[in-house]
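Its first residue numbered 1378, the sequence shown is counted upward by one per residue in the numbering used here. Presented below is the structure to which this report refers.
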Amino acid sequence: MSLDSLLMDMGYAGLAGFIVGFTVRRVLNVFIMLMGLYLLSLMWLSSKGIVQVQWEQLFILYRDVLGSFTQFLKELVEKVAFAGSFAVGFTLGFKV
């Protein structure tokens, strides 16, 4: 494997990472918008007396879900960064 080939592979990986990051960002924006609409609908139904919402319990649930998701993202980024660095270092060390 030549240096040009290695750099090209790293470029493809960088492009793929950019595309995945861009897509995840767009999907999260849609998810956040839908959650906002859901909360607004609950507020409207609650104001009309159709449903009774226990807001404290709902926000505790959201906090727990958001905390779990944040922890998952932190672990994912740490593992991907480690794996990428390890792969590049291994390849360079193997070729030298």
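For each residue, glycine too, the CB sits at the ideal point set by N, CA and C.
Worksheet entry | Rounded C-alpha distance that separates L1450 from F1395 | Straight through space, the alpha carbons of F1395 and L1450 are spaced by roughly 16 Å.
Practice prompt. Check whether the Cβ atoms of V1430 and L1419 lie closer than 8 Å to each other.
Written response: In this structure, L1419 lies closer than 8 Å to V1430 by Cβ.
Practice prompt. Report yes if the C-beta distance between L1435 and V1428 is below 8 Å; otherwise report no.
Written response: Taking 8 Å as the Cβ cut-off, L1435 and V1428 do not qualify as a contacting pair.
Discussion item. Quick check: the Cα distance between E1455 and T1447, rounded to an integer number of angstroms?
Written reply: Approximately 12 Å, taken between the alpha carbons.
Item to complete: Tell me whether K1425 sits in a helix, a strand or coil according to DSSP, three-state version.
Response: It is coil, neither helix nor strand.
Item to complete: Indicate the three-state DSSP secondary structure (helix, strand or coil) for S1445 in the structure shown.
Response: DSSP, reduced to helix, strand and coil, places S1445 within a helical segment of the structure shown.
Worksheet item: Is V1404 helix, strand or coil by DSSP?
Response: V1404 carries a helical assignment under DSSP once its states are collapsed to helix, strand and coil.
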